[in-house]
Structures are given as C-alpha cells and as structure tokens.
Amino acid sequence: MGNIFPRWTNLLAIKILVGLGALGTCVVAVAWYSWTPKYTRVGYMPQQPIPFDHSLHAGQLGMDCRYCHSQVENSPHSNIPAAQVCWNCHGPGKVKSDSPKLEPLRQAMDPNYENYTGKPIEWVQLHKVPDYAHFSHQAHVNRGVSCVECHGRIDEMPVVYHAKPLSMSWCLECHRDPGKVLRPLDQITNLAWTADDLDPEAFYAYVAGKTKAPVEELKKADEGKKWDRELIGAHLQKAWGVHPPQDCAACHH
Amino acid sequence: MRWFFLILAIASITVALALGPRGEKFSSPPFMLFPDMDNQFKVKAQKPSEFFENGQGARVPVEGTVPMGYAAPGENGLASSRLDFSRGADYFNTGLFGDFYGKGFPEELKMDEAFLARGKERYQITCTPCHGTSGNGAGIVSKYWAIPPTANLLDPRVKAMPEGQIFWTITHGKGLMGPYNGVLSVSDRWAITAYLRGLQAASGN
C-alpha cells in the first residue's frame, strides 16, 4: 500500500495555521485602526443647507459662541440658533442680505419672498452621542470645560468638521483626570485661550478666595512648577470640588 | 504559500488605501456597523419627528392653552407670542405699565454687583457685534459692512429713555434691530439695561 498522502501535505496543517494567523492579524489590524470613532467620526464634514462659516463669525468677527448657541449654559442641549437669530443680522437691508447662499434663510423667514415656506432650516447634526448616553452641555461649560475640548478649534473652521472622537473611552479620559481640561469660567468660549493668557497673581488670589488657603502658601507649594494647563486645572479642580462621575449611571441613566 | 502571502499583502494594501487614514474629511454620514440603540425613535431637542404632521419634534402650545409655569397672556394689547420666554404681563416681563414705558428697575430684581457683572457678560456676548464694547454704535459689523448706522447707546437720546423702553427695545427690536426675546431671558435683558446705564454714566455724555 503506497502513501495515501503525498509528500507536500506534510506541512499543510502548519501552512493553514500560519495562513489563518496572517489573515486574522490583517483583519484585526484593519478593524483596530478603522472600526473606532477615531476613524468613523473624526473628519465628518457634512454639507449644510447654508455654508455657514464659523471661522468668519467666531474667528474674524470675534463673536461669542453664545450669541447663537444662547442656551448652552442653561440646557443639556446646546441649541442651534433659530432662523430669527440669523435674521437679526442678515435680514432685509442688513449684512449680505442678498447673498444667494442665504436662500434657505429667506425661505424660512421672509414672508415677502416668493419661495417663502416658513419652515425651519434643516441643519445637519455632526456631533452626536448615542441616544442612550446623556451628555449635558450646561454641566460642562459651567464647570470650566471649554467648547474647544470636545469641538476643536471651531473658530478656525470655514466648514465645521468632527474634530474629536466623542467615544466613551475618550469621555473617560477627562472624567478620570479632569484637571487637564479645566479653565477659568470667563474663558470658556475663548477657544484660543492658553495658560499664558492668565495672570498668575489674579489667579492665586481667586484660588485663595475659594479654598481659604493663603496666597503665599499656594505659591510656595507651586515653586519650580511649570505654569501650564495642568497646574491651573489642578488648582481649579480643588477650588471648585470637581469630581466627575465614572459610574455607568452618570451618563447611561 | 508564497502566492497566498502575495495575495494577502495586495489585499491588505488595497483595503488600507481604500479606507484611508484617520481624520480624513468626508461628508457622508458616519458608518455604523452595529447601530445598536444609538438612534432611538423618540422626540429629541430640535430634531425632526415623523410622528407629527409638520415633521417637527418641537411642539407649540395648542391655541388657547398656556404651558405649565407660564402666566396667561395679559390684556395690555401684546400678542401672547411676544411674551415667549417670560412669565407674565407685568412690568418685570414687559417693561410697560399699561401703554407706557416704565421708569426704573422692577422690584423683582436684586441690584447688586453680580447682577451688573451678568449684564456686562451678556452685553458683551449679544450686543457688542453691532453696538460696540463701549456702546458707541461702532461694533465690528460697522467696520466691514456699510449697513445703516447702529444706534449710539451713549447718545443723550438713549440716555433719556426710561428703563422700560430699553428693555422693550431689547425684547422686540427696533428699526433694523431684531427682537432678542428668544435669546435673552427676561432678567438678562434687565441686567443688560442696568449695565448700559453704567456705560452711559461712565461715558459722561
């Protein structure tokens, strides 16, 4: 009786295993790289009905975010402005009121316009957490977390795109170490703010007033430390008693 | 085996090139392999809803009804929609006594430093683009666009206005200025009025 299995089959099992291993590695690598919000959400830049330019309004003109997003401090939901807010500046006889780009605004607001519908402008939502996660804007902006931490430099974006992943692990990065993102409350909408913009004297006086610790003591404890976001944030976290929750029910309630 | 690795390498490179790097700009809605319960069929803030006839999730009160927490519209001739974001038809909510602008600040307000600071903050957010930081009417808008001149709030004409009229103007707008009753709450409008009085006093006109 001759050999049932020819010679080349000797290594077949090993070859199959190695082949499957290589294939598996490739599949895992692709999934690891692209099956995450860092890939699927970051860079999302949808076309809006009106090509509203944030870099012009918030950047060049220096308008505060809250001129339009007026309820961000009072509500979990940061409102998209009503067409009336656009109309305040772009109504008849005002800024660029004849621009063809503003066609949807005229449809929504101008009763004398031939294509008037009176229907709201249908802006496209970019930043979205899943419906089972409850994010509150007011809880964050009233506790020293700036718009820029989640939305990026909106004031430099002609067309807004998704800048941060907004994934759960990304949320937890800050909830575990909030100090690195806290800043003084009057600088929340100043997206370009850096630690150098803050006057150390005034800041120590503020912290001393909050924590009841003498200014000299605070300064002495910080001697030799670099004046940066981490240092400022650590003080603010202590002064305000910021303890972000990390339990499931904090967001999935 | 060699062929297998060659094909695998080509396939991997093709997939990698097709997917592209992280953070690339794209305009189609984000891909979701398992949407789970990410998009639930419920009414969400400022979102459309297929459930209602006009497609809007947000509802307006049924005609002749008043939402909980709101007072019934007053009888001083103002349409009820003008009282949005307010609780009644008294001086605090309208700036009016009957058909006349009221003078002075309503007694519901606590006039202290925090109130003025609030007024300053809200003024700088909402009013500066047109009226300027100092109130002189030379805001950033006037630097770029030749629209009809914005009111100089330091002018004796505005200084002579009763507080109720300034409140009423912020609420309902005037001339080219639109209404700000949907953006600023009632007490914020009074706070801005108070801060404006401070600006006028400081200008010395």
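Those protein sequence lines, which keep their order, are chains A and B.
0 is the number of the first residue of the first sequence in numbering that gives the first Met the number 0; add one for each residue after it.
0 is the number of the first residue of the second sequence in numbering that gives the first Met the number 0; add one for each residue after it.
Quick reminder that beta carbons are idealized off the backbone N, C-alpha and C, glycines included.
Treat the numbers as computed from the prediction; the structure is a model and nothing was measured.
Assuming residue i is part of the alpha helix (DSSP H), what are its boundary residues?
i, result
"alanine 212/A", "Unbroken run through alanine 212/A: none, as it is neither H nor E."
"isoleucine 153/A", "Counting along the chain, isoleucine 153/A falls outside any alpha helix (DSSP H), and DSSP gives it neither H nor E."
"isoleucine 191/B", "185 to 202"
"histidine 126/A", "Note, histidine 126/A: premise wrong, no alpha helix (DSSP H); not H, not E."
"asparagine 92/B", "90 to 93"
"lysine 267/A", "In this structure chain A extends from 0 to 252, so residue 267/A is not present and cannot be described."
"histidine 139/A", "136 to 140"
"proline 155/B", "155 to 158"
"glycine 163/B", "162 to 171"
"serine 33/A", "11 to 33"
"tyrosine 38/A", "36 to 39"
"glutamine 83/A", "82 to 89"
"glutamate 229/A", "228 to 239"
"serine 11/B", "1 to 18"
"cysteine 67/A", "64 to 67"
How would you list, in chain order, the residues of chain A whose beta-carbon sits under 8 angstroms from the beta-carbon of residue i?
i, result
"glycine 199/B", "Reading off the sequence shown, one finds glutamine at residue 199/B, where the question assumed glycine. The contacting residues do not exist; glutamine 199/B stays about 22 angstroms from chain A at best."
"arginine 21/B", "Tyr32, Ser33, Lys37, Tyr38, Val41, Gly42"
"glutamine 164/B", "What glutamine 164/B touches in chain A: nothing, since even the nearest Cβ is about 19 angstroms away."
"methionine 110/B", "Within chain A, no residue comes near methionine 110/B; the closest Cβ sits about 22 angstroms away, beyond 8 angstroms."
Assuming residue i and residue j form a contact by the criterion Cβ under 8 angstroms, report the distance between their Cβ atoms to the nearest whole angstrom.
i, j, result
"lysine 321/A", "alanine 238/A", "Residue 321/A is absent from the model: chain A starts at 0 and stops at 252."
"glycine 177/B", "asparagine 87/A", "4 angstroms"
"glycine 56/B", "valine 65/B", "About 21 angstroms separates the two Cβ atoms, so there is no contact after all."
"lysine 109/B", "proline 161/B", "Going by Cβ atoms, the distance from lysine 109/B to proline 161/B rounds to 21 angstroms, so no, they are not a contact pair."
"leucine 198/B", "serine 141/B", "So it is not a contact: roughly 17 angstroms between Cβ atoms."
"histidine 126/A", "leucine 190/A", "Between leucine 190/A and histidine 126/A the Cβ distance is about 15 angstroms, and since that is not below 8 angstroms, they are no contact."
"isoleucine 297/A", "cysteine 146/A", "Since the first and last residues shown for chain A are 0 and 252, residue 297/A lies out of range."
"threonine 125/B", "phenylalanine 166/B", "Actually they do not touch by this definition, with Cβ atoms about 14 angstroms apart."
"arginine 152/A", "isoleucine 231/A", "No, arginine 152/A and isoleucine 231/A are not in contact; Cβ-Cβ is about 20 angstroms, not under 8 angstroms."
"alanine 107/A", "lysine 118/A", "6 angstroms"
"valine 84/A", "cysteine 67/A", "6 angstroms"
"aspartate 253/A", "alanine 248/A", "Since the first residue shown for chain A is 0 and the last is 252, residue 253/A is missing from the structure and cannot be characterised."
"valine 159/A", "histidine 53/A", "6 angstroms"
Along chain B, which residues have their Cβ under 7 angstroms away from the Cβ of residue i?
i, result
"arginine 40/A", "Pro29"
"arginine 65/A", "Ile124"
"methionine 62/A", "Pro128"
"aspartate 198/A", "Going along chain B, no residue has its Cβ under 7 angstroms from aspartate 198/A, so there is no contact; the nearest lies around 18 angstroms."
CA-CA distance, residue i and residue j?
i, j, result
"threonine 149/B", "glycine 138/B", "8 angstroms"
"leucine 10/A", "leucine 7/B", "20 angstroms"
"glycine 143/A", "leucine 18/B", "37 angstroms"
"asparagine 114/A", "alanine 204/A", "58 angstroms"
"glutamine 45/B", "valine 180/A", "29 angstroms"
"leucine 82/B", "glycine 118/B", "For leucine 82/B, the predicted model reports a pLDDT of 40, less than 50, meaning its position is unreliable and no value from the coordinates is stated."
"glutamine 39/B", "proline 48/A", "25 angstroms"
"valine 157/B", "valine 206/A", "40 angstroms"
"leucine 77/B", "leucine 32/B", "Low confidence applies to leucine 77/B: its pLDDT is 37, below 50, so where it sits in the model is not reliable, and the reading given next is rough at best. Cα to Cα, leucine 77/B sits roughly 53 angstroms from leucine 32/B."
"glycine 181/B", "glycine 90/A", "16 angstroms"
"methionine 167/A", "asparagine 53/B", "35 angstroms"
"glutamine 46/A", "glutamate 23/B", "15 angstroms"
"leucine 153/B", "tyrosine 194/B", "12 angstroms"
"proline 60/B", "leucine 104/A", "24 angstroms"
"histidine 150/A", "histidine 161/A", "7 angstroms"
"serine 48/B", "asparagine 78/A", "17 angstroms"
"histidine 242/A", "glycine 63/B", "46 angstroms"
"isoleucine 15/A", "asparagine 2/A", "21 angstroms"
"alanine 200/B", "tryptophan 122/A", "43 angstroms"
"glutamate 74/B", "tryptophan 144/B", "In this prediction, glutamate 74/B has a pLDDT of 43, which is less than 50 and means its spatial position is unreliable; nothing more can be read from the coordinates."
"alanine 233/A", "histidine 136/A", "22 angstroms"
"lysine 95/A", "alanine 82/A", "15 angstroms"
"serine 116/B", "serine 74/A", "The sequence given here has alanine at residue 116/B, not serine. Cα to Cα, alanine 116/B sits roughly 21 angstroms from serine 74/A."
"glycine 203/B", "alanine 159/B", "13 angstroms"
"glycine 163/B", "phenylalanine 104/B", "8 angstroms"
Using a cut-off of 8 angstroms between C-beta atoms, extract the partners of residue i located in chain B.
i, result
"methionine 44/A", "Lys24, Phe25, Ser26"
"isoleucine 79/A", "Gln45"
"histidine 68/A", "None at all; the shortest Cβ gap to chain B is about 10 angstroms."
"tyrosine 160/A", "Lys24"
Who are the neighbours of residue i on chain A, taking C-beta pairs under 7 angstroms?
i, result
"proline 148/B", "Going along chain A, no residue has its Cβ under 7 angstroms from proline 148/B, so there is no contact; the nearest lies around 12 angstroms."
"serine 11/B", "Cys25"
"phenylalanine 3/B", "Gly18"
"valine 182/B", "Ser69, Val84"
Along chain A, which residues have their Cβ under 9 angstroms away from the Cβ of residue i?
i, result
"isoleucine 169/B", "The contacting residues do not exist; isoleucine 169/B stays about 12 angstroms from chain A at best."
"isoleucine 6/B", "Near isoleucine 6/B there are no residues of chain A at all, since even the closest Cβ is about 10 angstroms away, more than 9 angstroms."
Closer than 9 angstroms by beta-carbon distance: list the chain B residues that pair up with residue i, in chain order.
i, result
"valine 71/A", "Within 9 angstroms Cβ-Cβ: nothing; valine 71/A doesn't reach chain B, min ~11 angstroms."
"histidine 76/A", "Lys43, Ala44, Gln45"
"valine 94/A", "Val140, Tyr143, Trp144, Ile146"
Say the cut is 7 angstroms; is the CB of residue i nearer than that to a heavy atom of the ligand COA?
i, result
"tyrosine 100/B", "This structure simply doesn't include the ligand COA, nor any ligand for that matter."
Inside the stretch 158 to 183 of chain A only - beta strand (DSSP E) runs reaching at least 3 residues: Segments of the beta strand (DSSP E) lying fully in the stretch 158 to 183 of chain A: there are none.
Continuous alpha helix (DSSP H) assignments of at least 4 residues falling wholly in the stretch 105 to 148 of chain B: Counting whole runs of 4 or more residues, the stretch 105 to 148 of chain B contains the alpha helix (DSSP H) stretches 112 to 125, 127 to 130, 139 to 143.
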